[in-house]
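Notes to accompany the following structure.
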Amino acid sequence: MDFRNQQSIESLSDELRAWFSEGLGSELLEAEQRMIDRLLPGLYGCHLLQVGIDPLLDLTSQSDVPHKVILYHSLMLGMPQSSIVALSSELPVETNSVDVVLLHHALDYTSSPHQVLREAARVLRPGGHLLIINFNPASLWGVSRLMTRERFRSIWQKAHFISHHRLQDWIHLLELTELRSMSDYFLPPYESTSWRKRFSILQPFGRKSLPGAGAFNAILVRKEVGGMTRIQEKRRSRQFIRLPVAEPAARGHARETR
Numbered sequence: 001m002d003f004r005n006q007q008s009i010e011s012l013s014d015e016l017r018a019w020f021s022e023g024l025g026s027e028l029l030e031a032e033q034r035m036i037d038r039l040l041p042g043l044y045g046c047h048l049l050q051v052g053i054d055p056l057l058d059l060t061s062q063s064d065v066p067h068k069v070i071l072y073h074s075l076m077l078g079m080p081q082s083s084i085v086a087l088s089s090e091l092p093v094e095t096n097s098v099d100v101v102l103l104h105h106a107l108d109y110t111s112s113p114h115q116v117l118r119e120a121a122r123v124l125r126p127g128g129h130l131l132i133i134n135f136n137p138a139s140l141w142g143v144s145r146l147m148t149r150e151r152f153r154s155i156w157q158k159a160h161f162i163s164h165h166r167l168q169d170w171i172h173l174l175e176l177t178e179l180r181s182m183s184d185y186f187l188p189p190y191e192s193t194s195w196r197k198r199f200s201i202l203q204p205f206g207r208k209s210l211p212g213a214g215a216f217n218a219i220l221v222r223k224e225v226g227g228m229t230r231i232q233e234k235r236r237s238r239q240f241i242r243l244p245v246a247e248p249a250a251r252g253h254a255r256e257t258r
């Protein structure tokens, strides 16, 4: 799979935001949010970093982690104080400083998904958790993407659709441990609501009989205490933000850039 020709998430952000805000995209996002809400409450710590396709989406409201930071791709009016502006492949955050990282389709829309995953692993503290949400190629959505010529693909079909097997290889190379893998949303990717309703029986059928064939995967990973020996920081051209001690009143510190 060649990732180099993928358009940047910055150039696709408006189109992605529009697609996820209505119809099929909104329905998928609701399913993803339910999955995230199911998994995040069991993950504890002081600092949480959300890296995704749309920084305006607050996907971590059910997390008990007190200090939450959202990655923005560019400066925006009304940015919360707990925010940083950076590339997902070059996080300006200290190594071993974050307890929970959420990658919401961050691997789907980048020319360097392995580097994005590598950076997420770097900033995680030992014992910290990484939750990956990405499109699943082993699904009706993956089949639809393969059957659509590239120039006719809609915004969701432009995603990478990285297989679970490939992600497992990357996770292993980064000396992380996969704890859990789940999949959901088994309806076909029809834009028509009425057509999706006709296939509503596929939702309970898929969960029972084909649990790994949902439109998206949710993969929960832990960074082990003795892991990450291969990751080295490139400090020559980068300065890192040190996240504050876990006091909610200190959240604004995370927005500093140097």
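Counting in full-length UniProt numbering, the sequence shown runs from 1 upward without gaps.
For every residue, glycine included, the Cβ atom is placed at its ideal position computed from N, Cα and C.
Could you name the residues that DSSP lists as bridge partners for T177? R222
Does the segment 163-178 come close enough to the segment 213-225 that 3 or more CB-CB pairs lie under 8 angstroms? yes
Between the CA atoms of L146 and F3 - distance to the nearest angstrom: 16 angstroms
Cβ neighbour criterion (16 or more within 10 Å) applied to I132: buried
Pull up the CB-CB distance for H47 and D99, whole angstroms please, since I reckon it's below 8 angstroms. 5 angstroms
Which residue marks the beginning of the alpha helix (DSSP H) containing H114, and which one marks its end? Under the DSSP assignment, H114 falls in the alpha helix (DSSP H) whose first and last residues are P113 to V123.
Kindly indicate the opening and closing residues of the alpha helix (DSSP H) around residue 319. Residue 319 is absent from the model: the chain starts at 1 and stops at 258.
Where are the alpha helix (DSSP H) runs, 4 residues long or more, that stay fully inside the segment 138-223, in chain order? 140-147, 164-173, 193-198 and 202-209
Please identify the residue among H114, R198, S21 and G206 whose C-alpha is closest to the C-alpha of M182. G206 is the residue among H114, R198, S21 and G206 whose C-alpha sits nearest the C-alpha of M182.
Out of H105, P55, L77 and S83, which has the shortest C-alpha to C-alpha gap to W156? H105
Mind reading off the beta-carbon distance from L59 to I84? Whole number of angstroms is fine, and I expect it under 8 angstroms. That belief does not hold up - the Cβ atoms of L59 and I84 are roughly 16 angstroms apart, past 8 angstroms.
Same chain, Cβ closer than 6 angstroms to P248, five either side skipped, listed in chain order: At P248, the pLDDT of 33 sits below 50, so the modelled position is not reliable; the number obtained from the coordinates is stated separately. Sequence-distant partners of P248 (beyond 5 residues in either direction) whose C-beta falls short of 6 angstroms from its own C-beta, in its chain, are P66.
Can you tell me where the beta strand (DSSP E) holding D14 begins and where it ends? For D14, no beta strand (DSSP E) segment is defined; the enclosing uninterrupted segment is the alpha helix (DSSP H) at I9 to F20.
Given 7 angstroms as the limit, tell me if E90 has its C-beta closer than that to any heavy atom belonging to the ligand HEM. Ligands in the displayed structure: none, and consequently the ligand HEM is not present.
Tell me the DSSP bridge mates of F135? F216
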